[in-house]
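Same order as they appear, the protein sequences are chains S and U. Going by our numbering, the first sequence wraps up at 361, each residue one higher than the last. Going by our numbering, the second sequence wraps up at 361, each residue one higher than the last. Built from N, CA and C at the ideal position, the CB exists for glycine as well. Okay, structure first, notes after.
Number of protein chains: 2
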Amino acid sequence: MASTIKDVSAIAGVSMKTVSRVLNKERYVSEKTRLRVERAVAELNFRPSVAARILAGKRSYQIALIYDNHSPHYIHQIQTGVWARCIEEGVRLLAQPSDAASPILAREIGGLIDQTQVDGVILSSPVTDAPGALEELEKRGIPYVRISPGTDYDRSSSVSMDDVQAADDMTSHLIALGHRRIGFVVGHANHTASDQRLFGYRRALDKAGLAFEPKYVRPGAFDFSSGEAAGDVLLDLAQPPTAIFASNDDMAAGVLTVAHRRGMSVPRDLSVVGFDDTALASQLWPPLTTVRQPTRDLAYAAAGLLFDAADEVVHRRLPHELVLRASTAGPRKS
Amino acid sequence: MASTIKDVSAIAGVSMKTVSRVLNKERYVSEKTRLRVERAVAELNFRPSVAARILAGKRSYQIALIYDNHSPHYIHQIQTGVWARCIEEGVRLLAQPSDAASPILAREIGGLIDQTQVDGVILSSPVTDAPGALEELEKRGIPYVRISPGTDYDRSSSVSMDDVQAADDMTSHLIALGHRRIGFVVGHANHTASDQRLFGYRRALDKAGLAFEPKYVRPGAFDFSSGEAAGDVLLDLAQPPTAIFASNDDMAAGVLTVAHRRGMSVPRDLSVVGFDDTALASQLWPPLTTVRQPTRDLAYAAAGLLFDAADEVVHRRLPHELVLRASTAGPRKS
DNA sequence: TATCAATATGACAGCGCTATCATATGGCGT
DNA sequence: ACGCCATATGATAGCGCTGTCATATTGATA
Numbered sequence: 028m029a030s031t032i033k034d035v036s037a038i039a040g041v042s043m044k045t046v047s048r049v050l051n052k053e054r055y056v057s058e059k060t061r062l063r064v065e066r067a068v069a070e071l072n073f074r075p076s077v078a079a080r081i082l083a084g085k086r087s088y089q090i091a092l093i094y095d096n097h098s099p100h101y102i103h104q105i106q107t108g109v110w111a112r113c114i115e116e117g118v119r120l121l122a123q124p125s126d127a128a129s130p131i132l133a134r135e136i137g138g139l140i141d142q143t144q145v146d147g148v149i150l151s152s153p154v155t156d157a158p159g160a161l162e163e164l165e166k167r168g169i170p171y172v173r174i175s176p177g178t179d180y181d182r183s184s185s186v187s188m189d190d191v192q193a194a195d196d197m198t199s200h201l202i203a204l205g206h207r208r209i210g211f212v213v214g215h216a217n218h219t220a221s222d223q224r225l226f227g228y229r230r231a232l233d234k235a236g237l238a239f240e241p242k243y244v245r246p247g248a249f250d251f252s253s254g255e256a257a258g259d260v261l262l263d264l265a266q267p268p269t270a271i272f273a274s275n276d277d278m279a280a281g282v283l284t285v286a287h288r289r290g291m292s293v294p295r296d297l298s299v300v301g302f303d304d305t306a307l308a309s310q311l312w313p314p315l316t317t318v319r320q321p322t323r324d325l326a327y328a329a330a331g332l333l334f335d336a337a338d339e340v341v342h343r344r345l346p347h348e349l350v351l352r353a354s355t356a357g358p359r360k361s
Numbered sequence: 028m029a030s031t032i033k034d035v036s037a038i039a040g041v042s043m044k045t046v047s048r049v050l051n052k053e054r055y056v057s058e059k060t061r062l063r064v065e066r067a068v069a070e071l072n073f074r075p076s077v078a079a080r081i082l083a084g085k086r087s088y089q090i091a092l093i094y095d096n097h098s099p100h101y102i103h104q105i106q107t108g109v110w111a112r113c114i115e116e117g118v119r120l121l122a123q124p125s126d127a128a129s130p131i132l133a134r135e136i137g138g139l140i141d142q143t144q145v146d147g148v149i150l151s152s153p154v155t156d157a158p159g160a161l162e163e164l165e166k167r168g169i170p171y172v173r174i175s176p177g178t179d180y181d182r183s184s185s186v187s188m189d190d191v192q193a194a195d196d197m198t199s200h201l202i203a204l205g206h207r208r209i210g211f212v213v214g215h216a217n218h219t220a221s222d223q224r225l226f227g228y229r230r231a232l233d234k235a236g237l238a239f240e241p242k243y244v245r246p247g248a249f250d251f252s253s254g255e256a257a258g259d260v261l262l263d264l265a266q267p268p269t270a271i272f273a274s275n276d277d278m279a280a281g282v283l284t285v286a287h288r289r290g291m292s293v294p295r296d297l298s299v300v301g302f303d304d305t306a307l308a309s310q311l312w313p314p315l316t317t318v319r320q321p322t323r324d325l326a327y328a329a330a331g332l333l334f335d336a337a338d339e340v341v342h343r344r345l346p347h348e349l350v351l352r353a354s355t356a357g358p359r360k361s
């Protein structure tokens, strides 16, 4: 059924090696032969066998994307971005869910590499910060790029956004609206972004000369129900916050639900903001003011770094954006 | 770095072929040798090269999942389900986004197969109903299983839920609550499930002796904004519906937003229901009454069919479930 | 014209496995 | 004792490519 290089070389009237040269865009092929070969390839609708290429050559034309994230939206955007860049490069993508906290993560990654011989790996947060994983990749000399790493910044190329500045911007925006008691729901403890967003929140308070009140900060885990729990605690305070900043949209949705359940009107009685600008943010009522995290673009850029600058360590930082919607307003005069 | 069968055979003191036999669980290997080989494999942490296996053998230990769906939640569940089954089988999964309406879909699938030699393919709706794709797979003799196919039911094995019955159940539930004017938002025209859900709605009306009113049915596209548009039209009617059934949760979210925007209270002034029970459904306010579609289980079962019953055509139908939440109530007395 | 590097092409081995076929061993019936 | 089949193992070829090295064929330079 499927044709081989041999078939192509027969039709084009050249050696197999020359066909191989054309396929790999190597130098030293004359224009004339290249055209002949390309015509033969098109005629047979020939596709080289990835397996044979891996076995014979050094490249596999495959990269792996390793992720462990419980937000389907986030994963989807990451996949889409990396995918788009891979298509351009003619490289296949192996998507690999995993568990960043698993003790066998390194072994799994090792197995993946042994089995598939991927040319490179893209790590998305929080796998970016699993020491075992990084060691395994380095031991094998596999190039890798990290998306939003939290630790060992200079250990590999990476793409990221400025979480600290984004949280600072959002907090400053709330302060500018007149809020003085601002609640904060922290993200999952595994993710370094959680710390950074918390730090940005504190920095903004500090710049504005507002005191940091630990009671206004609640832990969360990036999921809806932890947002609900945190919202309940914050709104039960004697002096409840007039605005709540959740470290992602899912948790903000939880806060919103708690407010509705208590018969509060958002944003009249309470302003709520999120982080990420997932699809969820605009599908809630009221639509959520949030930080647009350029997830898809980060993923696209990460794949680009992997292909372009295999050797040197490069960091690319992409801009974020405040998305102002209807969930925020000034505090009620009281 | 990575070890080979040769290394294993040297340690175990047997031939390469015997090691291969153990790896492939072939017959005619004595217990004793099998243990020796397994110990050597463990010692070297040996993983056979997928590439070499593909090249030499008939199997590739890889399957592909082809999808084209704009709901990240749905994709995520499909991926997770198929993935889980693949892990059990020790098979690698290639996830392949695609465009069901693209004229080059068949060529893309052909290319994928030529390049990667996948052992089988899982098609998720609506790629399930792309004639070119099915022909390509059959031409190449690649086994495939479809998830929720809409056409050519007996053409391949498949897993599905009963969309007609589910929509009937939900509509009957609304009627039982006392609703007589029930709006319906149809799904994307590409998906056969859209027709089936509409038919279930009509069948329930019919059984209850209620007339089918075309003006209460609006087209949609499975996304939030088409839900908003449909909701606006329905609520602008002189005799607006007292309940709206959207063919998926995203569109129900759109209807909910329109209702909020008009200052209506859900479910007091309007009941709203969705379909799928994605995470979104429980994160909205009020939480959405919906049909739980067992997406993850469908995907898991689909992979199972691919591995188990490669030859015969088997259909597996999984049960759905009405999830009653706070977005429904009886109509207001008027 | 001779010389050399840059360009262009091909012959052939071998990547790490599995398929095929050959061979060896043991137990059972006659 | 002999054949015969089920069981158990190995030797060898080759899957479809690419790497290496050898071999033209140019054009520029001395």
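Check                                                                                                                                                                   : Outcome
Compile a chain-ordered list of the residues in the stretch 63-76 of chain U whose CB is closer than 9 Å to at least one CB of chain S.                                 : N72, F73, R74, P75, S76
Given that a residue counts as buried once 16 or more other Cβ atoms are within 10 Å of its Cβ, and exposed if not, what is V77/S?                                      : buried
Smallest Cα separation from I102/S: which of A356/S, D324/S, R359/S?                                                                                                    : D324/S
For the beta strand (DSSP E) containing H342/S, name the first residue and the last one.                                                                                : 342-345
List, from N- to C-terminal side, the beta strand (DSSP E) runs of 3 residues or more that fit wholly inside the stretch 272-313 of chain U.                            : 298-300
Residue range of the alpha helix (DSSP H) that P158/S falls in?                                                                                                         : 158-167
Evaluate N72/U with the Cβ neighbour count: other Cβ atoms within 10 Å of its Cβ, from every protein chain shown; 16 or more gives buried, anything less gives exposed. : exposed
Could you confirm whether any beta carbon from chain U is found closer than 8 Å to the beta carbon of D126/S?                                                           : no
Name the chain U residues whose beta carbon is nearer than 8 Å to that of L283/S?                                                                                       : W312
Mind checking who I93/S pairs with in its DSSP beta bridge?                                                                                                             : Q123/S, L150/S
For Q320/S and V350/S, I'd like the C-alpha separation in whole angstroms.                                                                                              : 10 Å
For chain U, find out if any of its Cβ atoms is closer than 8 Å to the Cβ of G177/S; answer yes or no.                                                                  : no
Indicate the three-state DSSP secondary structure (helix, strand or coil) for A29/U in the structure shown.                                                             : coil
Sorted by chain position, which residues of the same chain lie with C-beta nearer than 6 Å to T316/U's C-beta, five sequence neighbours on each side aside?             : V300, L351, R352, S354, T355
Distance cutoff 8 Å, beta carbons only. Does A248/S sit that close to anything in chain U?                                                                              : no
What residues in its chain sit with their C-beta under 8 Å from that of W110/S, if we drop five residues either side in the sequence?                                   : L120
Is DSSP giving I209/S helix, strand or coil here?                                                                                                                       : strand
How far does the beta strand (DSSP E) with S175/U in it reach, from first residue to last?                                                                              : No beta strand (DSSP E) holds S175/U; DSSP gives it neither H nor E.
Determine the chain U residues that contact F251/S at a beta-carbon separation under 9 Å, and present them in chain order.                                              : A306, S309, Q310
Check L3/U in the structure and name its three-state DSSP category.                                                                                                     : Residue 3/U cannot be examined here, being either before or after the span of chain U that is shown, 28 to 361.
With 8 Å set as the bound, which would you pick, yes or no: does the beta-carbon of L132/U sit closer than that to a beta-carbon of chain S?                            : no
Identify every residue that forms a DSSP beta bridge with S187/S.                                                                                                       : R344/S
Going by beta-carbon coordinates alone, are V186/U and R343/U separated by less than 8 Å?                                                                               : yes
What do you get for S292/U, buried or exposed, if any count of 16 or more other CB atoms within 10 angstroms of its CB means buried?                                    : exposed
Taking all protein chains shown into account, decide if P158/U is buried (16 or more other Cβ within 10 angstroms of its Cβ) or exposed.                                : exposed
What residues of chain S sit near G138/U, judged by a beta carbon separation below 9 Å?                                                                                 : N72, R74
Residues of the stretch 90-112 of chain U with a CB closer than 7 Å to any CB of chain S: list them in chain order, please.                                             : P99, H100, I102, H103, W110
Check whether the Cβ atoms of A265/U and S298/U sit closer than 8 Å, and answer yes or no.                                                                              : no
Quick one: grab the DSSP three-state call for L407/S.                                                                                                                   : Lying before the first or after the last residue shown, residue 407/S is absent from chain S, which here runs from 28 to 361.
What first and last residue would you give for the alpha helix (DSSP H) that runs through T322/U?                                                                       : 322-335
Should D338/S go down as buried or exposed, given a rule of 16 or more other Cβ atoms within 10 Å for buried?                                                           : exposed
For Q223/S, which residues from the same chain have a beta carbon less than 8 Å from its beta carbon, with the 5 sequence-adjacent residues on both sides left out?     : G177, D190, V191, A194
Could you tell me the distance, in whole angstroms, from the CA atom of D181/S to the CA atom of D156/S?                                                                : 12 Å
Please classify A83/S as buried or exposed, where buried requires at least 16 other C-beta atoms within 10 Å of its C-beta.                                             : exposed
Any idea what DSSP makes of V145/S, helix, strand or coil?                                                                                                              : coil
Using the three-state DSSP reduction, which class does V244/S fall into: helix, strand or coil?                                                                         : strand
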